[in-house]
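Working notes for the structure below.
Protein chains in written order, with this note's numbering: chain A, 1 to 113; chain B, 114 to 226.
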């Protein structure tokens, strides 16, 4: 099955700086890559996703890039704010038949005011 | 609010007991997924149902079972509970039209004493 690795496990940045979280996946059939933000004790919330026919997608301060050849994708958050502090999970899915998500192990992002 | 509801929010029970967790998907969503989130395990896919039929199985223990009813709500049954079953259990739903987006419910926190 799919194996998703995520780095780093923790990340601290100063407010206003950028944060980058990287993920790799193993199954070349994976073609859907969402990112979720989870605050303590709450549900994972989708913040951005990318399909395999797109190399980059941006939504205000958040962007995701995908390199299918290298099987990795990254989350970029610019101009970080304290409310960006949370755990971020990447995931991958094949989107055919069973499209359950395979999650990375999460990155705890702390934005220091 | 994702539109996915889960009950109960919290559940405290003893080892050896059986519990049932309930999930109602977003209106129009046919697919329901169950995930387990333990402190040291991240988000693990358990099982998926689509329009009443089991679609995919992940790392679900034999002590656990699930079903999806004609009104599309789903129940996850956990029996012979062990201390290690203590976790957050999330339900997610999707329309099931690849590529697809999964929206998570608020979760049920299970504590086994």
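Ideal Cβ positions, reconstructed from N, Cα and C, are used throughout, including at glycine.
**Neighbouring residues, chain A, relative to residue 198 of chain B (Cβ below 7 Å)** = Numbered from its first residue, the second chain carries residue 198 of chain B at position 85. Within 7 Å Cβ-Cβ: nothing; residue 198 of chain B doesn't reach chain A, min ~18 Å.
**Item:** Neighbour flag for residue 49 of chain A against chain B, beta carbons, 8 Å
**Value:** On the first chain, residue 49 of chain A is found 49 positions in, with the first residue counted as 1. Answer yes: the Cβ-Cβ gap between residue 49 of chain A and chain B drops below 8 Å somewhere.
**Asked** When the Cα of residue 88 of chain A is compared with those of A:73, A:77 and A:107, which residue comes out closest?
**Response** Walking along the first chain from the start, residue 88 of chain A turns up at place 88. Closest option to residue 88 of chain A, Cα to Cα, is A:107.
**Request:** Please list the partners that residue 115 of chain B has in chain A, where partner means a Cβ-to-Cβ separation under 8 Å.
**Result:** Residue mapping note: residue 115 of chain B aligns to position 2 of the second chain, counting from 1. Within chain A, the residues whose beta carbon sits less than 8 Å from that of residue 115 of chain B are 43 and 45, listed in sequence order.
**Message:** Quick check on DSSP: helix, strand or coil for residue 34 of chain A?
**Reply:** Position 34 of the first chain, counted from the start, is the residue given in the question as residue 34 of chain A. Three-state DSSP puts residue 34 of chain A in a strand.
**Item:** Any chain B beta carbon closer than 8 Å to residue 105 of chain A
**Value:** Within the first chain, residue 105 of chain A is the residue found at index 105, counting from 1. Yes, its Cβ sits closer than 8 Å to a Cβ of chain B.
**Request:** Measuring alpha carbon to alpha carbon, tell me which of B:185, B:225, B:173 and B:220 ends up nearest residue 195 of chain B.
**Result:** The count along the second chain starts at 1 and reaches residue 195 of chain B at position 82. With distances taken between Cα atoms, residue 195 of chain B lies closest to B:225.
**Prompt:** Along chain B, in chain order, which residues have C-beta atoms closer than 8 Å to that of residue 34 of chain A?
**Reply:** To locate residue 34 of chain A, count along the first chain from 1; it is residue 34. For residue 34 of chain A, the residues of chain B that pass the 8 Å Cβ criterion are 214 and 215, in the order they occur in the chain.
**Prompt:** Leaving out five residues before and five after residue 208 of chain B in sequence, what residues of the same chain have Cβ atoms less than 6 Å from its Cβ?
**Reply:** Working through the second chain from its first residue, we reach residue 208 of chain B at position 95. Hits under 6 Å: 142.
**Request:** Keeping to the same chain, check which residues put their C-beta closer than 8 Å to that of residue 67 of chain A; ignore five residues upstream and five downstream.
**Result:** For the purposes of this step, residue 67 of chain A is taken as residue 67 along the first chain, with counting starting at 1. So the qualifying residues of the chain are 55 and 73.
**Request:** Indicate the three-state DSSP secondary structure (helix, strand or coil) for residue 155 of chain B in the structure shown.
**Result:** One-based indexing of the second chain puts residue 155 of chain B at position 42. Reduced to three states, the DSSP call for residue 155 of chain B is strand.
**Asked** Is it true that the CB of residue 158 of chain B sits closer than 8 Å to the CB of residue 152 of chain A?
**Response** Because chain A here runs from 1 to 113, residue 152 of chain A falls outside it and cannot be looked at.
**Same chain, Cβ closer than 8 Å to residue 118 of chain B, neighbours up to 5 away in sequence not counted** = Working through the second chain from its first residue, we reach residue 118 of chain B at position 5. These residues qualify, in order along the chain: 136, 137, 218 and 219.
**Request:** Give the single residue among B:183, B:116, B:184 and B:176 whose Cα lies nearest to the Cα of residue 190 of chain B.
**Result:** The residue given as residue 190 of chain B occupies position 77 in the second chain. When only C-alpha atoms are compared, the closest one is B:176.
**Request:** Answer yes or no: does any C-beta atom of chain B fall closer than 8 Å to that of residue 89 of chain A?
**Result:** Taking the first chain and counting its residues from 1, one reaches residue 89 of chain A at position 89. Any Cβ of chain B closer than 8 Å to the Cβ of residue 89 of chain A would place that residue at the interface, and such an atom is present.
**Message:** Ignoring anything shorter than 3 residues, give me the beta strand (DSSP E) runs that lie fully in the stretch 22-106 of chain A, in order along the chain.
**Reply:** Whole beta strand (DSSP E) segments, 3+ residues: 32-38, 45-51, 56-59, 62-67, 72-77 and 86-92.
**Asked** Is there contact here, the stretch 165-182 of chain B with the stretch 57-66 of chain A, by at least three beta-carbon pairs under 8 Å?
**Response** At 8 Å Cβ cutoff, the stretches do not touch.
**Request:** Under 8 Å Cβ to Cβ from residue 124 of chain B, same chain only, skipping five residues before and after it: list those, please.
**Result:** Indexing the second chain from 1 puts residue 124 of chain B at position 11. Closer than 8 Å at Cβ, skipping near neighbours: 132, 134, 221, 222, 223 and 224.
**Request:** May I ask you to report which of helix, strand or coil DSSP gives residue 185 of chain B?
**Result:** Within the second chain, the letter at position 72 stands for residue 185 of chain B. Residue state, collapsed to three classes: coil.
**Prompt:** Under 8 Å between the Cβ atoms of residue 155 of chain B and residue 103 of chain A?
**Reply:** The residue you call residue 155 of chain B lines up with position 42 of the second chain. The residue you call residue 103 of chain A lines up with position 103 of the first chain. Result yes, Cβ atoms of residue 155 of chain B and residue 103 of chain A sit closer than 8 Å.
**Message:** Counting only Cβ pairs nearer than 8 Å, list the residues of chain B close to residue 102 of chain A.
**Reply:** Your numbering for residue 102 of chain A matches position 102 in the first chain. Neighbours of residue 102 of chain A on chain B, chain order: 158.
**Prompt:** Between the stretch 167-197 of chain B and chain A, which residues of the former have CB atoms less than 9 Å from a CB of the latter, in chain order?
**Reply:** Those residues of the stretch 167-197 of chain B placed with their C-beta closer than 9 Å to a C-beta in chain A are 168, 169, 170 and 171, ordered along the chain.
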